[in-house]
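Numbering (the UniProt record's numbering), first residue to last: 1 to 337.
Structure below.
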């Protein structure tokens, strides 16, 4: 009798020493009614984080041994994958690495701003010049997995191998040692495997952003540390991401129909969070989307709007994580204390 997907998950997930090895606790309460109002550096009213997802070259491709070409997050948005090599998808993704990335780099250099690059390792291997440019201009490099593929069907062993490969690839292409993470298309095991791998390598894990639960960072306990004394526990810091202000919504039926819609949504989101104070606003971007001329101008209009406001901390995600850790060191069982 064949085992079901759910049964396989339970079998893999069970750890006789730690109970549930991969399952992080779910928290539907958070900081409660009053929330947490972060006292950002310099008494800034808001932390504004621009994130550029660099994926082009790491997406699904028959030439890389995948079962089908990529068919997600490009302009035509097919209902399903092609059965043959898909030049439409390949060339649209290539626009991001050939043109879009440089338009984005020029824009942020023009305004003297730093972003966080969510870097797919294979994409950096395909275009090492882009990797060098991000480092040269002082942008943060964070990990976006080795490949831009769904990970939910991979075994934990295979996924862990790709996590190790990603760390090695980013170290070689950037000269840096450690990175925050955002998988994006993660499996049920991804977060625990990242934590486990970093522990085994003796590397500090700055943060993980595969989380959409809050407007501010928070700590969570790690299942693998359940049996350790509190003094040896390190916990995991989430710096939540969001898809609300993400340019991928230009490619979704429920998304924006014009650059003006996008611009106004960013302004509205900023105004609310700026008024509340002590929150993070994250703007997710993609080279093949926001690197297009019309979209890019809408983003610049938003940057110009923000630049006129006082007390705005435009920062990287690692800067947010560093500040939060210094202000609220990890204590088992606490989100912030």
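Using N, Cα and C, we set each Cβ at its ideal position, and we do this for glycine too.
Exercise. Residue 305 lies in the beta strand (DSSP E); which residues open and close that run?
Worked result: No beta strand (DSSP E) holds residue 305; the alpha helix (DSSP H) holding it covers 293-307.
Exercise. Three-state secondary structure (DSSP) at residue 17?
Worked result: Residue placement at residue 17 is flagged as unreliable, the pLDDT there being 44, under the threshold of 50; the coordinate-derived value follows with that caveat. Residue 17: coil per DSSP, three-state reduction.
For this session: With a threshold of 16 other CB atoms inside 10 Å of the CB of residue 227, please say whether the residue is buried or exposed.
Result: exposed
For this session: Could you spell out where the alpha helix (DSSP H) holding residue 262 opens and where it closes?
Result: 259-276
Exercise. Can you name the residues that DSSP bridges to residue 155?
Worked result: According to DSSP, which records beta bridges pairwise, residue 155 is partnered with nothing at all.
Exercise. Residue 48 lies in the beta strand (DSSP E); which residues open and close that run?
Worked result: 46-54
For this session: Determine, using beta-carbon pairs with one atom in the segment 317-326 and one in the segment 133-151, whether at least three such pairs fall under 8 angstroms.
Result: yes
For this session: Apply the 10 Å Cβ neighbour rule to residue 16 and answer buried if 16 or more other Cβ atoms are within range, or exposed otherwise.
Result: Confidence in residue 16 is poor, its pLDDT being 44 and thus under 50, which makes the residue's placement too unreliable to answer from.
For this session: Grab me the residues of residue 214's own chain with a C-beta within less than 6 angstroms of its C-beta, minus the 5 sequence neighbours each way, in chain order.
Result: 30, 240
For this session: Return the chain-ordered list of same chain residues with a C-beta closer than 7 angstroms to the C-beta of residue 105, the five sequence neighbours on each side being excluded.
Result: 133, 137
Exercise. What does residue 97 pair with, by DSSP beta-bridge criteria?
Worked result: Its beta-bridge partners do not exist; DSSP assigns none.
Problem set entry | Residue range of the unbroken alpha helix (DSSP H) whose run includes residue 198 | 190-201
Problem set entry | Through-space distance from residue 321 to residue 243, alpha-carbon basis | 20 angstroms
Problem set entry | Under the three-state DSSP convention, the category residue 281 falls into | strand
Exercise. To the nearest angstrom, how far is it from the Cα of residue 294 to the Cα of residue 95?
Worked result: 14 angstroms
Exercise. What's the gap between the Cα of residue 222 and the Cα of residue 167?
Worked result: 21 angstroms
Exercise. Alpha carbon to alpha carbon, how far is residue 296 from residue 179?
Worked result: 27 angstroms
Exercise. Leaving out the 5 sequence neighbours to the left and right, which residues in its chain are closer than 7 angstroms to residue 305 when beta-carbon positions are compared?
Worked result: 267
Problem set entry | Start and end residues, beta strand (DSSP E) containing residue 135 | It is not in any beta strand (DSSP E) - residue 135 instead sits in the alpha helix (DSSP H) that spans 128-136.
For this session: Name the residue from 184, 113, 100 whose alpha carbon lies nearest to the alpha carbon of residue 313.
Result: 113
Exercise. Is the CB-CB distance between residue 165 and residue 182 below 9 angstroms?
Worked result: no
For this session: Buried or exposed for residue 64, please, with buried defined as at least 16 other CB atoms from any protein chain shown within 10 angstroms of its CB.
Result: exposed
Problem set entry | Within the segment 204-254, ranges of the beta strand (DSSP E) (whole runs, at least 3 residues) | 218-220, 236-238
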